[in-house]
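In our numbering, the protein residues as written are 928 to 1071.
Cβ atoms here follow ideal geometry from the backbone N, Cα and C, with glycine treated the same way.
Quick caveat: nothing in here was measured; it's all calculated off a predicted structure.
Below is one structure, written out as structure tokens, with a few remarks after it.
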């Protein structure tokens, strides 16, 4: 199943370094991680920025109450960050994975190490707020 392959790919990237503009498999930025994971699941994704992905996949928008593993959480306005939901419980708590801690100046593995910028996971419900857009990419791409 594509959703399971996507989640498996994202999990396999945990611990890899952040690098601005990287799309794997050895380093990632936030949207590069998502694009790489979707490609690993068999999809040909053209947009490679967080904002571009949100625009391409916007028909899959859903609410936090409907969020599930494999959904994408887009942040800020305008959109500048994306993370992947690995798990969500009925109480609203989530486990999200993403390439974080870097930025435009994080261009090498040494930069990532210095800034502690890696693909990691976070636990909590604080990632969902009024500026968060949640999108199920498989509603658009198929393969739920």
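Between the beta-carbon of residue i and the beta-carbon of residue j, is there less than 8 angstroms?
i: residue 971; j: residue 1062; result: no
i: residue 1008; j: residue 1043; result: no
i: residue 880; j: residue 1022; result: A question about residue 880 goes unanswered here, because the residues of the chain that appear run from 928 up to 1071.
i: residue 1067; j: residue 979; result: no
Can you say whether residue i is buried or exposed, counting buried as having 16 or more other CB atoms within 10 angstroms of its CB?
i: residue 944; result: buried
i: residue 1027; result: buried
i: residue 1064; result: buried
i: residue 964; result: buried
i: residue 904; result: Beyond the ends of the chain as shown, which are 928 and 1071, falls residue 904; an answer cannot be given.
i: residue 931; result: exposed
Express the C-alpha separation of residue j and residue i in angstroms, rounding to a whole number.
i: residue 989; j: residue 982; result: 14 angstroms
i: residue 967; j: residue 1004; result: 29 angstroms
i: residue 938; j: residue 1016; result: 18 angstroms
i: residue 950; j: residue 960; result: 6 angstroms
i: residue 933; j: residue 1038; result: 27 angstroms
i: residue 1025; j: residue 954; result: 12 angstroms
i: residue 974; j: residue 1002; result: 17 angstroms
Output the boundary residues of the beta strand (DSSP E) element that contains residue i.
i: residue 1025; result: 1021-1027
i: residue 1060; result: 1060-1062
i: residue 1003; result: Segment: none, residue 1003 is in no beta strand (DSSP E) and carries neither H nor E.
Pick from the options: whose alpha carbon is nearest that of residue i?
i: residue 1006; options: 985, 1013, 1065 and 993; result: 985
i: residue 946; options: 1035, 1040, 1050 and 1042; result: 1035
i: residue 956; options: 973, 948 and 940; result: 948
i: residue 994; options: 969, 979 and 1018; result: 1018
i: residue 969; options: 1041, 1030 and 929; result: 929
Over the uninterrupted alpha helix (DSSP H) stretch that includes residue i, give me the two end residues.
i: residue 983; result: 977-983
i: residue 933; result: 929-939
i: residue 958; result: 957-967
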